Every structure is written in structure tokens, then in C-alpha cells.
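Trainee: Here it is, the structure, as C-alpha cells.
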Amino acid sequence: GVVFAIDATTLKVVWKFATRGGAGNCNNVAAPAIVEKYLHVGTAAGIYYVLDRQTGAVVREIDCHEPILSSPAVGADRVYFATLGAQVYAVKPDGAVAWTWDFVKEVVKFDGNRWSGEEWLAQRKDRVTWRDHFVCSRDICLVGKTVVIPAGGRTVRFE
């Protein structure tokens with residue numbers, strides 16, 4: 057995918073940034089967020105970028121190893137985003153990772169390859185139920201300092 061910065065007055069392209077990821081990126085980027093002097097955006101290739109909003113230069117690149125389809129949620133001193141596989145990241149405005157949390161490991165108690173049906177069946181002794189669902193593909197919500205995510209048919213809150 058390509059991120060464009062467009063001058064609001066002239067409607068001319070100020071800069072553009074082509075994300076990496078090849079065919080795995082499917083030319084998709086999530087909706088971006090502006091935080092201070094940075095632009096935050098995730099990609100279907102699983103790479104989260106923090107760009108200088110004036111120049112488009114990469115400030116930080118975080119390889120999350122799975123698609124990011126949700127828009128970042130901006131708080132007072134943190135930016136939050138989630139991956140398709142229900143990993144939640146809290147980063148500082150410059151993109152430095154403050155903490156991560158993994159629904160699949162913490163709640164579902166699965167430490168294997170979350171994308172392997174064979175590993176799920178082996179760990180679950182050939183019985184997988186709706187409670188094992190973990191996908192978090194939609195936007196997360198931030199109210200004050202409380203982060204709310206939909207994951208696995210549950211709502212998870214962080215403070």
C-alpha cells in the first residue's frame with residue numbers, strides 16, 4: 057500500500073510512502089492516525105509504521121508478523137493498535153513499544169502457531185470450540201485510559 061500526505065489547501069501530494077510487504081500486503085493500509093509530529097499506520101503485511109508527518113520518513117517500523125487491519129487509537133501518551141491475531145500493542149508517540157499483550161497466549165492459553173489448524177487441534181485434543189476463536193480484526197476503542205478490544209467473542213479491557 058501507499059500512504060499519501062496531501063496539502064489540504066492545494067490538494068497536491070506533499071509526499072508519499074510505499075509500504076513494504078509485497079503480495080502479502082495486498083496494497084492495504086489501515087486508516088492512519090496523527091499523533092504529535094508523527095503519522096501512525098498499520099498494514100495487511102503486518103508492519104506498523106511511524107512516519108514523520110512532515111516528510112514521510114520512517115521513524116519506526118514494527119514487524120508484528122500478522123495483519124493489522126484496525127486503525128490506531130490515540131490516548132494521552134500512548135497509541136494502541138491490534139493485529140488480526142489479537143495481539144495488542146501500546147506504543148509511545150514516536151513508536152517505541154511500551155507494552156504488548158497477546159489474547160491467544162494469555163486468555164486462550166495457546167502458545168503454538170495461531171495460524172496452524174493442525175497445532176490448534178493437537179493442543180485442543182482434536183476438539184476446537186467457539187471459545188477458541190481469537191480474531192481481533194476491528195478497531196479498538198479507547199475511553200480515557202481504558203482500552204477495549206473485541207477478541208474471541210469477548211470484550212477485553214486494559215487500564
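Here the sequence shown is numbered in my numbering, starting from 57 and rising by one per residue.
For glycine and all other residues, C-beta sits at the position ideal for the given N, C-alpha and C.
On a predicted model such as this, the values are computed, not experimentally measured, just so you know.
Taking just the CA atoms, how far does G168 sit from F159?
Mentor: So the alpha carbons of these two residues sit roughly 13 Å apart.
Trainee: Cα-Cα, which of E162, V203, A64 and G77 is closest to G141?
Mentor: Nearest option by C-alpha distance: E162.
Trainee: Any C-beta of chain D sitting closer than 8 Å to the C-beta of Y94?
Mentor: Annotation note: the requested chain D is absent from the structure, which comprises a single protein chain.
Trainee: Comparing C-alpha positions only, which one of T66, S127 and V58 sits nearest to A87?
Mentor: It is S127.
Trainee: Near R109, which residues of its chain fall below 8 Å by C-beta distance, leaving aside the five closest residues on each side in sequence?
Mentor: The answer, listed in chain order, is A61, I90, K93, Y94 and L95.
Trainee: Would you grab the beta carbon distance between T139 and P123 for me? Rounded to a whole angstrom, and I think it's under 8 Å.
Mentor: The pair is a contact, with the Cβ atoms about 7 Å apart (cut-off 8 Å).
Trainee: Taking the straight line between their C-alpha atoms, what separation do you get for V69 and W157?
Mentor: Computed Cα separation, rounded: 37 Å.
Trainee: Hey, quick one: how far does the alpha helix (DSSP H) through R166 stretch, first residue to last?
Mentor: Going by the sequence as given, residue 166 is Phe instead of Arg. Unbroken run through F166: none, as it is neither H nor E.
Trainee: Comparing C-alpha positions only, which one of K165, V147 and E174 sits nearest to Y104?
Mentor: The candidate whose alpha carbon is nearest that of Y104 is V147.
Trainee: What are the complete alpha helix (DSSP H) segments, minimum 4 residues, inside the region 98-178?
Mentor: DSSP runs (the alpha helix (DSSP H)) wholly in the region 98-178: 159-162.
Trainee: Starting from K72 and walking both ways along the beta strand (DSSP E), at which residues does that stretch end?
Mentor: Looking at the DSSP string, the run of the beta strand (DSSP E) that includes K72 is V69 to A74.
Trainee: Given this structure, state the Cα-to-Cα distance separating R116 from T65, to the nearest angstrom.
Mentor: Each residue's alpha carbon lies about 29 Å from the other.
Trainee: In whole angstroms, what separates the C-alpha of G100 from that of I118?
Mentor: A quick correction: the sequence has Ala, not Gly, at residue 100. Spanning the two alpha carbons is a distance of roughly 13 Å.
Trainee: In chain order, what residues of the same chain have a beta carbon less than 7 Å from the beta carbon of H121, not counting five sequence neighbours either side?
Mentor: Around H121: G102.
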